[in-house]
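Engineer: Counting in this note's numbering, the sequence shown runs from 1 upward without gaps.
For every residue, glycine included, the Cβ atom is placed at its ideal position computed from N, Cα and C.
The structure displayed is predicted, hence computed values, not measured ones.
Here it is, the structure in full.
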Amino acid sequence: MEPKSSYTYLESKVTDIYAYDVDVHITDFPASADRKWLYFFSLQVNFTHHDEWAHGGFQWSGTPEFQDNNNKGVNWGGKSDWEEHGGVGVNNTPFSWECDRWYRYRVWRVDEDSEGYHRWLFAVMDYATNVEHRFGMVRTKSQSIASAVVFSETGYGVQCDSPTTRVEWRSPCLHSPSGQSTPHRIVANYNGTCANPNNTNQGLLSSSPISWFHETNTKRIINPNVCIWPTSSSLTNV
């Protein structure tokens, strides 16, 4: 039995999205995580055509690029119907992310390459230092982002009763020619095989700013396919 993943779908009616941002804050992480385990806290953007997608975020992983950095790094890569996983670009970069520290993930369309593909950059801004770190490109045939999701993934031996991980997400923002906006709906989902009281859960923390959490080894309160924002009390502000 494994936690696998918690997903939060960021649904929007906006078209021609060329950038997406979201804040991330790891509040709980195992003090002695096994070096073989995988944790991935990611923003995934799904592009408009060719089944193209890319995800980027913090990893705890035994991948060779991270082994000399205490298993910590940033993964940014994707897939399409014309390239296998990693074919549109893959970047594994050592990065010493920390718990109890706010960061901002950012994906944006940079330019076109010499072959006419659209290039997308992933970056992490550290709020404590106000420094942005950039982690390479993926390239797509699509010109725009269709939708986005944030997820917390586990694997390679993480069990339902493994020490708790908890991540907070905040202030999702999408950018289009019409300006900046927030998703119109945020929906919870999961694909794990755990059960209470050692389950996965997520839920809304605040409507202003919009923030929510993912947690493992806990009791599930929010069921799959539940809209966690807007709530009935926040509908007048949407």
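Can you tell me which of the three DSSP states Asp23 falls into?
Structural biologist: Here Asp23 sits in strand by DSSP.
Engineer: Less than 8 Å between C-beta atoms, sequence neighbours within five positions excluded: which residues of the same chain meet that for Gly203?
Structural biologist: Within the same chain, Gly203 has close Cβ partners Ala188, Trp212, Phe213, Ile221, Ile222 and Ile228.
Engineer: Assuming contact is defined by CB atoms lying nearer than 8 Å, are Ser152 and Ser6 in contact in what I supplied?
Structural biologist: Their beta carbons are under 8 Å apart, which means Ser152 touches Ser6 by this criterion.
Engineer: Since Arg106 sits in a beta bridge, which residues does DSSP pair it with?
Structural biologist: In the DSSP output, where bridge partners are listed per residue, Arg106 has Asp21 and Ala123.
Engineer: Roughly how many whole angstroms lie between the Cα atoms of Trp176 and Val110?
Structural biologist: The sequence given here places Ser at residue 176; Trp does not occur at that position. The alpha-carbon atoms of Ser176 and Val110 are separated by roughly 14 Å.
Engineer: For Asn237 and Arg101, I'd like the C-alpha separation in whole angstroms.
Structural biologist: Residue placement at Asn237 is poorly supported in this model, since its pLDDT is 39, which falls under 50; the coordinates are not used for a value here.
Engineer: Quick check on DSSP: helix, strand or coil for Pro163?
Structural biologist: Three-state result, Pro163: coil.
Engineer: Go ahead and label Pro197 buried or exposed: buried means 16 or more other beta carbons lie within 10 angstroms of its beta carbon, across all protein chains shown.
Structural biologist: Pro197 should be labelled exposed.
Engineer: If distances are taken between C-alpha atoms only, which option among Arg134, Ser114, Ser32 and Glu112 comes closest to Phe122?
Structural biologist: That would be Arg134, whose Cα lies nearest to the Cα of Phe122.
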